[in-house]
Amino acid sequence: MSVVVIGSANLDLVYEVERIPAPGETVLSRGLASFPGGKGNNQAIAAARAGAETRFIAALGDDAAADALAEQARDAGITLLARRVEAPTGTAVIFVDRKGENSIVVNSGANAHLVDLTEAELAEIAAADVMVVQLETPLPTVTAAIRAARAADTTVVLNAAPSGAFPEELLSEVDILIVNEHEAAELAGEPAGTGERSLMSVLTSHGCDVVITLGSEGAFVGGHGTEPVKIPSFPVEVKDTTGAGDVFVGAFAASLDRTADQRSLVAATEFATAASALAVQRKGAGPSIPTLDEVRKLQAS
Ligand code: RIB
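Per numbering that gives the first Met the number 0, the very first residue in the sequence shown carries number 0; after that it's consecutive.
The following block contains the structure:
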């Protein structure tokens, strides 16, 4: 399976805190570490570690963070197709609390310059089996990438994260939508707390298949006019949930087969659920991403 990911690359600055500070509050951190991150970068690494031939179209600055991210992408076996632009490489400040939950602020920096896809970048999209996009990249770029993929019969996987920027009507041009419950409600224009069955029915009405990730509860997968299926997760000790959703998306894309039928969607969701269960047991986004062997071992256990 060949996967092309178009998206963000960030340097993550991770502060370990007892609890996430409330507005106006100061808390002391127990430690600070930096890791490769960015939703696009994490998803590309996850796809590559899951065995897919992976290309990553991104924008990096001209700074030390960019060099570090490029080296880490190479080490992960990704073909990195990065523009170097005159802006700082994207960064994310992340607070991780004692339960492993996080709060993230992203400074897009160079990621905001991933605009006007070149002929070479469009050709990469057309040549891939699956294209993965998320929403830390300017919306016109996401839209152009989706349209180029559709025209070339490349399967479009949209991870509508972070929520807020994607017009619902464009879902008709997406093959598979992956969202968490919060993102699903936002995209469907429903109040927070709406049940996953209702959200599934609104989102699949646009003609795309939909996977709603449910954290420790697993995932809910629907589409193809069939009854949605709930895939349970694995009972694990959570250290850090940062990037677990990205691991899900990358692993999902890598394990999807060309038919992308209901059976393939369910199998890819099971594989992705196992991959993210491994990721939450480790610290950091980039370093937590499991290999194909690790995922298979957990699935066989
Ligand atoms: O999904 C986690 C990612 O979100 C982090 O790696 C951070 O960089 C932000 O993009």
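Using N, Cα and C, we set each Cβ at its ideal position, and we do this for glycine too.
As the structure is a prediction and not an experimental result, all values here were calculated from the model.
* Candidates A160, A147, A218, D61, of which the one nearest A271 by Cα -> Numbered from 1 along the sequence shown, position 272 holds the residue referred to as residue 271. Of all alpha-carbon atoms in A160, A147, A218, D61, the one lying nearest the alpha-carbon of A271 is that of A218.
* Asked: Considering A58, what are the terminal residues of the beta strand (DSSP E) in which it resides?
  -> Counted from its first residue, the sequence shown places residue 58 at position 59. Element bounds for A58: 52–59.
* Who pairs with I19 in a beta bridge, going by DSSP? -> Within the sequence shown, residue 19 is the residue found at index 20, counting from 1. I19 pairs with nothing; no bridge assigned.
* So which residues touch the region around the ligand RIB, with touch meaning a C-beta under 6 angstroms from any heavy atom? -> Listed along the chain, these residues meet the criterion: S7, N9, D11, G36, G37, K38, N41, A91, I103, V105, E135, T241, G242, G244, D245, A284.
* Asked: Ends of the beta strand (DSSP E) at R83?
  -> Your numbering for residue 83 matches position 84 in the sequence shown. Run containing R83: 78–83, per the beta strand (DSSP E) assignment.
* Asked: Short check: CB of S7 to CB of L169, under 9 angstroms?
  -> Here residue 7 refers to the residue found at position 8 when the sequence shown is read from its first residue. Here residue 169 refers to the residue found at position 170 when the sequence shown is read from its first residue. Cβ distance not < 9 angstroms, so S7 and L169 don't count as in contact.
* To do: Measure the beta-carbon distance from N179 to T212 and round it to whole angstroms, keeping in mind my assumption that it falls under 8 angstroms.
  => What you label residue 179 is simply residue 180 of the sequence shown in a count that begins at 1. What you label residue 212 is simply residue 213 of the sequence shown in a count that begins at 1. Between N179 and T212 a beta carbon distance of about 5 angstroms is seen, short of the 8 angstroms cut, so the two are scored as contacting.
* To do: Pick out the complete beta strand (DSSP E) segments inside the stretch 216–289, 3 residues or longer, and give them in chain order.
  => If one requires a minimum length of 3 residues, the beta strand (DSSP E) runs lying completely within the stretch 216–289 are 218–222, 225–230, in chain order.
* To do: Note down, in chain order, each residue of its chain lying with its Cβ closer than 8 angstroms to the Cβ of G163, except the 5 sequence neighbours on either side.
  => Mapped onto the sequence shown, residue 163 falls at position 164. Result list for G163: L134, E185, in chain order.
* To do: Use the C-beta contact count for K296: other C-beta atoms within 10 angstroms, 16 or more gives buried, fewer gives exposed.
  => Residue numbering aside, residue 296 sits at position 297 when the sequence shown is read from its first letter. With fewer than 16 other Cβ atoms from the protein chains shown falling within 10 Å of its own Cβ, K296 counts as exposed.
* Below 8 angstroms on the Cβ atoms is my guess for R48 versus T290; work out the distance and round it to an integer in Å. => Here residue 48 is taken as the residue at index 49 of the sequence shown, counted from 1. Here residue 290 is taken as the residue at index 291 of the sequence shown, counted from 1. Between T290 and R48 the Cβ distance is about 5 angstroms, and since that is below 8 angstroms, they are a contact.
* Asked: To which residues of the same chain is I230 closer than 6 angstroms at the C-beta, ignoring the five residues directly before and after it?
  -> If you number the sequence shown from 1, residue 230 lands on position 231. G217, A218, T268, E269, T272, listed in sequence order.
* **Beta-carbon contacts of T78 that lie in its chain and below 6 angstroms, excluding the five residues immediately before and after** => Locating residue 78 in the sequence shown gives position 79, counting from the first residue. Answer for T78: R54, listed in chain order.
* **L138 classed as buried or exposed, judged by whether at least 16 other C-beta atoms fall within 10 angstroms** => As a working note, residue 138 is residue 139 in the sequence shown. By the neighbour-count criterion, in which a residue is buried when 16 or more other Cβ atoms sit within 10 angstroms of its Cβ, L138 is exposed.
* **Where the beta strand (DSSP E) through S102 begins and ends** => Position 103 of the sequence shown holds residue 102. Looking at the DSSP string, the run of the beta strand (DSSP E) that includes S102 is 101–106.
* From Q261 to V173, what does the alpha carbon distance come to, in whole angstroms? -> Position 262 of the sequence shown holds residue 261. Position 174 of the sequence shown holds residue 173. Cα-Cα distance, rounded: 16 angstroms.
* Inter-residue CB distance, G99 and G242 (contact presumed, cutoff 8 angstroms) -> The count along the sequence shown starts at 1 and reaches residue 99 at position 100. The count along the sequence shown starts at 1 and reaches residue 242 at position 243. Between G242 and G99 the Cβ distance is about 12 angstroms, and since that is not below 8 angstroms, they are no contact.
* To do: Determine the extent of the beta strand (DSSP E) in which P35 is found, giving its start and end residues.
  => Within the sequence shown, the letter at position 36 stands for residue 35. Element bounds for P35: 28–36.
* To do: Label S107 either buried or exposed according to how many other C-beta atoms from any shown protein chain fall within 10 Å of its C-beta, with 16 as the threshold for buried.
  => Indexing the sequence shown from 1 puts residue 107 at position 108. So S107 ends up on the buried side.
* To do: Going by DSSP, name the residue or residues bridged to N179.
  => As a working note, residue 179 is residue 180 in the sequence shown. DSSP output for N179 lists T212 as bridge partner(s).
* Go through its chain and collect everything with a Cβ distance to A259's Cβ below 6 angstroms, but skip five positions before and after it. => Locating residue 259 in the sequence shown gives position 260, counting from the first residue. Cβ neighbours of A259 beyond the five flanking positions: T154.
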